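J.: Submitted below is the structure of interest, expressed as structure tokens.
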Ligand SMILES: Nc1ncnc2c1ncn2[C@@H]1O[C@H](COP(=O)(O)OP(=O)(O)OP(=O)(O)O)[C@@H](O)[C@H]1O
Ligand SMILES: [Mg+2]
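In the working numbering, the protein residues as written are 561 to 790.
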């Protein structure tokens, strides 16, 4: 499902001899797996997730998703790959002058709410209920608190029942109860076959929900196969 081979990333102004954000990362992930991505601030978690979300290209190495090498994929393959991914960016990125409902609807169909099937409408309602925002569904995204906007981003990423969920600190702006509510949604998605990579600083979640864990340090990805000591 995911295969990274020798993936490195550096930004302009940095060169190959300087420290790379990501340095020769290789790993494979199978369908249905759950992986925590941990590491201190600035270690490259968001950068790695952006590469996997096909938002950025690696400076070296190869990213393959669903069996396709991203760098040589055709436009239509790339579109299909992107449609199979639910991405919760760290900076959330809602469309501020659309309602909560329309932000989620747009992730299912570019035609927005009018183009939705009954099934999709039911799914959006269920998700908005679960993230505690059903009452606010017609409120503009720009009027939401940071935590509320983040919960919309989680609903938006899950609306299409993606094959792969890339979640960048999805509980970062939540109180404990909301954080566990969101984790419950992510775990349910994983139970029904969605592969998950979840970047987090939330030690309580990592300790209580035991999963495979990989830590970024000095550009390298170190797997902690047995016990996550974070
Ligand atoms: N567009 C960019 N241009 C230059 N440097 C960048 C860019 N994006 C990220 N970086 C650098 O890459 C490094 C990793 O950033 P990244 O946001 O991936 O870290 P992170 O692990 O997600 O941190 P946090 O836990 O704070 O979210 C940082 O040093 C950052 O400054
Ligand atoms: Mg980050």
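Even glycine gets a Cβ: it sits at the ideal position worked out from N, Cα and C. Bear in mind the structure is a predicted one, so any value in this text is a computation, not a measurement.
Assign residue 634 to one of three DSSP states: helix, strand, or coil.
T.: Reading the chain shown from its first residue, position 74 is the one you call residue 634. It is coil, neither helix nor strand.
J.: Can the beta-carbon of residue 776 be found less than 7 Å from the beta-carbon of residue 599?
T.: Walking along the chain shown from the start, residue 776 turns up at place 216. Walking along the chain shown from the start, residue 599 turns up at place 39. Against a cut-off of 7 Å, the Cβ pair of residue 599 and residue 776 comes out as a contact.
J.: Quick test of your reading: residue 699 and residue 659, contact by CB under 8 Å. State the CB separation rounded to the nearest angstrom.
T.: Locating residue 699 in the chain shown gives position 139, counting from the first residue. Locating residue 659 in the chain shown gives position 99, counting from the first residue. Indeed, because the Cβ distance is near 6 Å, the residues count as touching under 8 Å.
J.: Determine, using beta carbons only, whether residue 684 and residue 652 come nearer to each other than 7 Å.
T.: In the chain shown, the residue the question calls residue 684 occupies position 124. In the chain shown, the residue the question calls residue 652 occupies position 92. For residue 684 and residue 652, no; Cβs fall outside 7 Å.
J.: Would you be able to state if there are at least three C-beta pairs under 8 Å between the stretch 687–705 and the stretch 637–650?
T.: Too few Cβ pairs lie closer than 8 Å, so no.
J.: By DSSP's criteria, residue 623 is part of a beta bridge. Which residues make up the other side?
T.: For the purposes of this step, residue 623 is taken as residue 63 along the chain shown, with counting starting at 1. Paired residues: 564.
J.: Taking 6 Å as the cut-off, is the CB of residue 581 close to at least one heavy atom of ligand 1?
T.: Your numbering for residue 581 matches position 21 in the chain shown. Yes; taking the cut-off as 6 Å, the Cβ of residue 581 has a heavy atom of ligand 1 nearer than that.
J.: Return yes when the Cβ of residue 654 is within less than 7 Å of the Cβ of residue 714, no when it is not.
T.: In the chain shown, the residue the question calls residue 714 occupies position 154. In the chain shown, the residue the question calls residue 654 occupies position 94. For residue 714 and residue 654, no; Cβs fall outside 7 Å.
J.: Round the Cβ separation of residue 597 and residue 608 to the nearest angstrom and send it over; I've been treating them as touching at under 8 Å.
T.: Counting from one through the chain shown, the residue named residue 597 turns up at place 37. Counting from one through the chain shown, the residue named residue 608 turns up at place 48. The pair is a contact, with the Cβ atoms about 7 Å apart (cut-off 8 Å).
J.: I need the straight-line Cα distance from residue 759 to residue 674, nearest angstrom please.
T.: Translated into positions along the chain shown, residue 759 becomes position 199. Translated into positions along the chain shown, residue 674 becomes position 114. Rounded to the nearest angstrom, the two C-alpha atoms are 34 Å apart.
J.: If residue 565 sits next to residue 581, beta carbons under 8 Å apart, how far is it from one beta carbon to the other, in whole angstroms?
T.: Reading the chain shown from its first residue, position 5 is the one you call residue 565. Reading the chain shown from its first residue, position 21 is the one you call residue 581. That belief does not hold up - the Cβ atoms of residue 565 and residue 581 are roughly 17 Å apart, past 8 Å.
J.: If you measure between the beta carbons of residue 724 and residue 680, is that distance less than 7 Å?
T.: As a first step, residue 724 is located in the chain shown; it is residue number 164 there, counting from the start. As a first step, residue 680 is located in the chain shown; it is residue number 120 there, counting from the start. Not a contact, by the Cβ cut-off of 7 Å.
J.: Between which two residues does the alpha helix (DSSP H) harbouring residue 691 extend?
T.: In the chain shown, the residue the question calls residue 691 occupies position 131. Note, residue 691: premise wrong, no alpha helix (DSSP H); not H, not E.
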